[in-house]
Amino acid sequence: MSRENHNGPTDEFTQARGTAYSHDSDAGEEVVEVQQLPLDSWHRARGGRMVAFAGYEMPVQYEGIMAEHLWTRAHAGLFDVSHMGQLLFSGPDVDAELETLLPGDIKGLGEGRMRYSLLLADNGGIHDDLMITRLGQENPFEIERGAFYMVVNGATKWDDLGVLREHLPDEVSINHLDEQALLALQGPEAVTALERVVPGVASLVFMTAAAFEYNGNPLWVSRSGYTGEDGFEISLPGEAAESFAEALCAQPEVKPIGLGARDSLRLEAGLPLYGHDLDLETTPVAADLGFALSKRRREEGGFPGHARILLEREQGPIVKRVGLIVEGRQPVREGAAVVGADGSDVGKVTSGGFAPTVEKPIAMAYVPVALATPGTRITLAQRGKVHHAEVVAMPFVPHRYVRKG
Amino acid sequence: MSRYFTEDHEWIQVDGDTATVGITAYAQSQLGDIVFVETPEAGKTVSKGDDAAVVESVKAASDVYAPVAGTVIEGNAALADNPALVNDDPEGEGWFFKLTLADAGELDALMDEAAYQDFVSKL
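If you read the protein sequences in the order shown, they are chains B and L.
Residue 202 in numbering that gives the first Met the number 0 sits at position 203 of the first sequence; the count goes up by one each step and never skips.
Residue 19 in numbering that gives the first Met the number 0 sits at position 20 of the second sequence; the count goes up by one each step and never skips.
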């Protein structure tokens, strides 16, 4: 047997999905130096199966994707996401300057508050999706009050840095924290486990962040994540990552979780993955990320692609990102076609797989708006076979964010 | 009865002029949790190396090739409702299909168990 050849983008998650059990080397594969992250040997000692991912060796799974996925939904999973880009922005009017590239209300973001936003291209396409936090006086980065901390995708961080440096004035300093580790602890028992190791974190609510300490190491902890569950993301010095991960995994609620389950968890949570569900060809409106366009910014404009994005908001986009529940048991994956009544391709599946909590195959797809209403039955084609699916509202599994302490 | 193996991690158990085909324990361990299996219809003729079945884990879809030419006798109906049988017993209850051999001479090109174990140990 052989591994499936994916036709879609060949960045991080394609590699994670394509478990190459036959270890065939792909002909013509670009040779890129793969780097190690601070927890590399820790993952290996824990039985993590390592794959090249966004330029780093990363664990795709430990005991198995299904078990890890279900453990995270029931207890708490520890994810190493140190491949992601952690950036600091400071300087005069840094908030106003960032608003020239992001469509969110950055000026109105309070200290210790974070927001999901998009790095937009001039045509309204998406360079990346990201989280941005305004720092207060007390932060572990030795940077001035009012500076910003941003987390961007690992596969896009170098391109993002280029775009940001090109568009922001020299007065705005950009600092790439490339020696900083980033861990995520996700699941309903994450708060219980983390509070034992880092007292005080339970006081955070969803989308807030603050400085804490572990064994004398400074931590930046936010209550946020990419699974739809309650949980935290913890930025810390790379040299402290191993002892901190060990302390977390010593808690009975916590197991290490690989990138495979991270993908199935985020898919069930209806959260898009850059490079698959979002790219330079998709706009925030088509991607159904209208919530990232704050009211003041929509009215004032002043971000890339404003005219096109506003027009799409008023007149409706041509295609829209929707959730699908696929009939039968066979997963329909990225690259499958959405087929119209006349048999022509009218859209495409951008993410898909078997959903362990839903216990069915699910997918995200871009479909014409006429087919985007929940309840619509649509036809898909994959490797010469027809599948049927129903458009459903996302998330597939309810979010369980903790909005009040 | 003799069992042979391919470099693509199929096994084939031969009994007279019929044989049973599945994927190896190594293959299932590399695939992980199997969520879907599609087996061929009875009567389908396959050549050596043809796509004969599909196996899908949580993350990836893979083709299972026919190790030798033949005519399919039956697919393993139990896998439709319980694809995890391939994880639980890949070289037993988790078989994929049975076929009538077209040319028993094709078996000579396959590996025996010892050669396959040696092959896997070098991956």
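Glycine included, C-beta positions come from ideal geometry on N, C-alpha and C.
Just so it is clear, the structure is predicted and the values come from calculations on it, not from any experiment.
Non-local C-beta neighbours of B/Arg402 in its own chain, meaning closer than 8 Å and more than five positions away in sequence, comprise Val204 and Phe205, ordered along the chain. When Cβ-Cβ separations below 8 Å define contact, L/Phe118 makes no contact with chain B.
DSSP assignment within the segment 268-329 of chain B yields the following whole beta strand (DSSP E) runs of 3 residues or more, N-terminal first: 318-325. Under the DSSP definition of a beta bridge, B/Leu129 partners with B/Ser116 and B/Val151. The segment 14-32 of chain L makes no contact with the segment 296-310 of chain B: fewer than 3 CB pairs, one atom from each, lie closer than 8 Å. Taking C-beta atoms under 8 Å as the contact rule, L/Pro66 and L/Ile11 qualify, at a distance of about 4 Å. Put simply, of B/Val357, B/Ala285 and B/Glu326 the residue whose alpha carbon is nearest the alpha carbon of B/Ile377 is B/Glu326. For B/Met65, the closest alpha carbon among the candidates B/Glu137, B/Tyr400, B/Ser343 and B/Gly257 is that of B/Gly257.
Just so you know, the alpha carbons of B/Tyr213 and B/Ala201 end up roughly 15 Å apart. For the segment 311-332 of chain B, the set of residues with a beta-carbon nearer than 8 Å to any beta-carbon of chain L comprises Arg328, Gln329, Pro330 and Arg332, in chain order. Taking 8 Å as the CB threshold, B/Gly269 stays off the interface with chain L. Taking all protein chains in view, the Cβ of B/Phe243 is crowded by 16 or more other Cβ atoms within 10 Å, so the residue is classified as buried.
Burial state of B/Arg164 is exposed, judged by a 10 Å Cβ sphere holding fewer than 16 other Cβ atoms.
Judged by DSSP in its simplified three-state form, B/Gln60 adopts strand.
Nearest CB-CB separation between B/Ser350 and chain L: not below the 8 Å threshold. Here B/Met49 carries a strand assignment [DSSP, helix/strand/coil]. Under the Cβ distance rule, B/Gly274 does not count among the residues neighbouring chain L, no pair being separated by less than 8 Å. Nearest C-alpha to B/His42 among B/His398, B/Met57, B/Gln34 and B/Ala53: B/Met57. Residue-level contact check: L/Asp32 touches chain B, since one or more beta carbons of chain B fall below 8 Å from its beta carbon. Think of a sphere of 7 Å around the beta carbon of B/Met65: the chain L residues whose beta carbon falls inside it are Asp32 and Val57, in chain order. Within the same chain, Gln27, Asp32 and Ile33 come within 7 Å of L/Asn86 by CB-CB distance, once the 5 residues on both sides are set aside.
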